[in-house]
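Each protein sequence line maps, in turn, to chains D and X. All residue numbers for the first sequence refer to this note's numbering, where the first residue is 1 and numbers rise by one. All residue numbers for the second sequence refer to this note's numbering, where the first residue is 206 and numbers rise by one.
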Amino acid sequence: MTVFAFYLFAALMIASGAFTIFARNPVHSVLWLILAFFNAAGLMIIVGAEFLAMLLVVVYVGAVAVLFLFVVMMLNIDFAEMRAGFMKNAPLGVAIAVILLAELVLGIGAYRAGALDLGTPDGSATPLVGESNTENVGALLYSDYLFLFEVAGIILLVAMIGAIVLTHRAPASPRGQQDISKQVRRRPEEATEMKQPGVGQGVDL
Amino acid sequence: MTDFFISLGMDPTWAFVVATIAGILLIALPLMLAVAMIIYVDRKVWAAINLRRGPNVVGPFGLLQSFADGLKVFLQETIIPSAANKGIFILAPIITFTVALLAWAVIPFDAGVVLADINVGLLYILAISSLGVYGVTMSGWASNSKYPFFSAMRAAAQMISYEVSIGFILVCVVLYAGTFNLSDIVDAQKGHGLGFVNGYWFNVLLFPMWVVFFISSLAETQRVPFDLTEAESELVAGYQTEYSSMSFALFWLGEYANILLMCSLNTLLFFGGWLPPVDWAPLYAVPGIIWFFAKTFFFFFMFSWVMATVPRYRYDQLMRLGWKVFLPMSLLFVFLISGWLMLTRYGGAA
């Protein structure tokens with residue numbers, strides 16, 4: 001059954017990866033990409049990394065791909081122009097593909113030859129037996145890799161602040177700004193005033 | 206259930222497959238029936254609050270109204286706009302509906318009564334509910350029409366915004382329970398409040414989080430007062446504008462299945478799931494599943510109550526509430542709760 005599930009997810013993932021490239025409509029491309037993410041999550045569950053699988057779906061499918069989809073939907077992409085640029089960018093694309101393939105072959109070759117021991121980079125971080133995936137990841141992240149983890153957090157924080165600084169515009173005028181708590185605090189007594197002006201007297205405003 | 210099928214003389218692998226399919230049917234079919242009845246309840250509650258009668262013609266007390274509506278919708282013609290992107294247009298309601306059903310796989314109805322008792326249950330729910338946005342976005346884009354597209358963008362922004370604070374609230378609950386498994390989270394709530402109240406709501410640190418969670422779940426399911434995606438005065442019917450017959454009905458069913466899911470999450474995370482409200486032996490004589498449904502139903506009543514009484518938010522107010530109020534607040538409570546737990550549970554050693 002696991003074998004069947006593996007081939008199902010793997011075949012679907014490769015197929016959706018191919019459709020991501022070959023789809024004529026960019027929105028369809030993004031949707032195929034999402035399917036590929038989903039199948040990758042399925043593969044992770046098969047190897048027992050359920051925590052990573054769920055994070056993949058939450059982060060990539062639930063947030064990153066939604067923004068992709070947004071951008072692609074709102075941009076009016078000219079298909080003819082995109083086709084025309086294909087041959088120009090093809091050598092670069094092929095180069096990247098070759099480099100990735102070489103890295104994969106090297107990595108798998110090194111693993112097969114016994115040069116890498118997955119899960120124990122320096123021998124000290126052996127997986128805790130009998131504990132769930134989530135606890136294992138947490139125990140590793142907050143002990144052996146604490147520094148790298150904190151650095152990653154700071155990089156993300158800097159990126160976030162940078163994005164805010166780049167896009168933030170101070171309002172041109174104070175109009176249109178509202179103080180919600182001030183509005184909520186407002187009572188009828190201060191908002192209205194009863195006047196009984198005599199005939200021909202008028203009211204001071 | 207697998208053991209039952211093995212006892213019938215089946216091969217264990219086949220018994221597992223058959224048991225899983227039976228389990229799916231046992232959850233999905235009653236869920237659809239529940240959705241039909243809950244729509245009726247929803248309409249009756251609004252009617253009662255508005256001093257109207259509500260549906261009262263089809264069947265005794267109008268009980269069969271939803272089924273009559275379903276039949277009507279089933280017999281209607283499916284209209285696909287000629288300028289629509291056909292494949293995605295048809296796929297969108299199917300995705301909404303499927304995703305709404307998927308999340309129920311990890312909901313425990315009683316001790317041990319759950320289809321998939323997985324370790325990352327709560328993360329699974331978060332993952333699946335983040336998929337819900339695709340049905341709406343795809344329908345809005347594929348309709349190739351302005352109002353649905355505006356509505357889809359609103360819906361996507363709204364759901365992503367409120368998912369962030371929901372995520373932090375779930376972190377608070379997980380910190381207290383020490384597990385992502387929903388059944389274990391419910392078990393951890395036994396006698397949580399002063400030793401006799403079952404549920405995390407009876408806790409100074411978690412009660413505000415429940416309030417935020419309840420409001421966020423209204424926003425997440427696009428219910429009033431956050432139903433900006435279907436604001437009829439601005440957007441006709443929102444992303445469903447171009448849909449008719451069964452494709453429209455699938456959106457409806459998915460929406461209500463999601464609302465029920467959020468009600469049951471309120472129950473499971475803060476109100477002790479299948480446990481009775483207080484830890485008192487005679488109350489355990491009532492089957493857990495009844496407590497679970499009673500609590501879920503109570504939250505559904507609160508959803509309808511809100512819908513009948515609260516006016517709609519403006520869109521900027523909605524975003525302000527999500528990002529400027531709920532997000533900092535839930536982040537603060539993650540900090541407070543982890544600090545409190547460090548002091549009390551883990552010995553205070555930094």
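Idealized CB from N, CA, C, for every residue including glycine.
Item, Value
"Chain-ordered neighbours of residue 51 of chain D on chain X, where CB pairs are closer than 9 Å", "324, 325, 328 and 385"
"For residue 93 of chain D, the three-state DSSP class (helix, strand or coil)", "helix"
"Within chain D, partners of residue 365 of chain X - CB distance below 7 Å", "63 and 66"
"is_contact[residue 336 of chain X, chain D] using C-beta, thresh 8 Å", "yes"
"Interface partners of residue 361 of chain X on chain D, CB under 7 Å", "66 and 70"
"Close beta carbons around residue 307 of chain X, own chain, < 6 Å, minus the five adjacent residues each side", "333"
"Straight-line Cα distance separating residue 524 of chain X from residue 180 of chain D", "13 Å"
"Three-state secondary structure (DSSP) of residue 107 of chain D", "helix"
"Three-pair Cβ contact test at 8 Å for the region 492-507 of chain X versus the region 335-349 of chain X", "no"
"Residue 521 of chain X, DSSP secondary structure in three states", "helix"
"Chain D within 8 Å of residue 342 of chain X, Cβ atoms only", "yes"
"Rounded separation between residue 248 of chain X and residue 298 of chain X - CA only", "23 Å"
"Cβ of residue 457 of chain X within 8 Å of any chain D Cβ", "no"
"Helix, strand or coil at residue 402 of chain X [DSSP, three-state]", "strand"
"Proximity of residue 379 of chain X and residue 511 of chain X at Cβ, strictly below 8 Å", "no"
"Own chain partners of residue 289 of chain X with C-beta closer than 7 Å, once the 5 adjacent residues on each side are dropped", "347, 348, 349 and 447"
"Environment of residue 270 of chain X [buried if 16+ CB atoms lie within 10 Å]", "buried"
"CB contact check: residue 528 of chain X to chain D, cutoff 8 Å", "no"
"Cβ contact check for the region 414-432 of chain X and the region 367-379 of chain X: 3 or more pairs under 8 Å", "yes"
"Simplified DSSP assignment, three categories, for residue 216 of chain X", "coil"
"Residues near residue 464 of chain X by beta carbon distance below 8 Å, same chain, minus five either side", "243, 426, 428, 505 and 508"
"CB of residue 340 of chain X within 8 Å of CB of residue 304 of chain X, strictly", "yes"
"Beta-ladder partner(s) of residue 322 of chain X, from DSSP", "Partner(s): none; residue 322 of chain X has no beta bridge."
"Where residue 432 of chain X sits in the DSSP three-state scheme", "coil"
"DSSP beta-bridge partners of residue 483 of chain X", "X/402"
"Buried versus exposed call for residue 484 of chain X [16 or more other C-beta atoms within 10 Å across all chains shown]", "buried"
"CB contact below 8 Å: residue 39 of chain D versus chain X", "no"
"Residue interval of the alpha helix (DSSP H) (run including residue 461 of chain X)", "450-475"
"For residue 211 of chain X and residue 413 of chain X, the rounded distance between their alpha carbons", "47 Å"
"Residues that residue 172 of chain X bridges to, as DSSP identifies them", "Residue coverage of chain X in this structure runs from 206 to 555, which leaves residue 172 of chain X outside it and unanswerable."
"Separation of residue 314 of chain X from residue 228 of chain X, as counted between CA atoms", "12 Å"
"Exposure label - residue 207 of chain D; buried when at least 16 CB within 10 Å", "The structure shown does not extend to residue 207 of chain D, since chain D is modelled only from 1 through 205, so no value can be given for it."
"Whole-angstrom distance between residue 36 of chain D and residue 14 of chain D, CA atom to CA atom", "7 Å"
"8 Å Cβ cutoff met for residue 265 of chain X and residue 245 of chain X", "no"
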